[in-house]
Amino acid sequence: MKTASGDQRILCLDKHAKHPCLVGFGLSRAESFADQIAHEEAVALQRGEDFDPDMRAAQLYGFIRTSFDESGRFVLPDHLGEQAAIGDALYFHGGGSSFTIWSPEVLFEMGPGWDSAKATCRALMAEAAAKGKRK
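Using this note's numbering, the first residue of the sequence shown is number 70, and each one after it goes up by one.
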């Protein structure tokens with residue numbers, strides 16, 4: 070993540086625009102937002118759909134910047150955690166130029182397209198529980 074933020078320990082976080090989770094990415098991803106908005110607008114026009122570039126820009130550029138330490142730990146702002154119903158557990162799911170952060174309970178309610186992520190999350194939770202019992 071550090072290399073995706075110009076060698077700074079900066080993590081960008083926001084509520085995901087489509088899913089009930091958070092999204093995280095490096096500062097470099099924001100450099101492509103103008104092109105993304107232009108592409109989405111062109112696609113909407115081809116389909117005869119309405120598109121509000123100002124609203125989309127507000128969605129994309131509304132992220133917060135937070136720092137992380139050498140171990141990758143960061144403080145999740147309460148207002149973001151609330152938007153994604155984050156409780157005591159988190160599941161991080163990689164996804165190319167970004168990653169998502171889920172409340173396991175919310176993830177488990179997602180449709181079958183998320184079965185692999187759900188299975189991984191369950192396995193990691195079982196592993197953490199087993200480690201906790203050994204201590």
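No residue lacks a Cβ here, since even glycine has one placed at the ideal position from N, Cα and C.
Out of R125, H88, G165 and R116, state which residue places its alpha-carbon closest to the alpha-carbon of D104. R125
G117 versus E178 - alpha carbon distance: 33 Å
If F102 and L129 are in contact, beta carbons under 8 Å, what's the gap, nearest whole angstrom? 5 Å
Starting from D83 and walking both ways along the beta strand (DSSP E), at which residues does that stretch end? I79 to K84
Within 10 angstroms of the Cβ of I37, are there 16 or more other Cβ atoms? Answer buried if so, exposed if not. Coverage of the chain is limited to positions 70 through 204, which leaves residue 37 absent and any answer about it impossible.
Starting from R125 and walking both ways along the alpha helix (DSSP H), at which residues does that stretch end? P122 to Y130
Cβ-Cβ separation, A158 to P146 (assumed contact under 8 Å), whole Å: Contact doesn't hold; Cβ gap of about 18 Å is too wide.
Ordered along the chain, which non-local residues of its own chain (more than five positions away) have a Cβ less than 7 Å from that of F161? F168 and I170
Under 8 Å between C-beta atoms of P89 and V175: yes
Closest residue to K87 among A153, A195 and T135 (Cα-Cα distance): A153
Alpha-carbon spacing of C81 relative to L96, whole angstroms: 7 Å
Which of the three DSSP states, helix, strand or coil, is assigned to I155? coil
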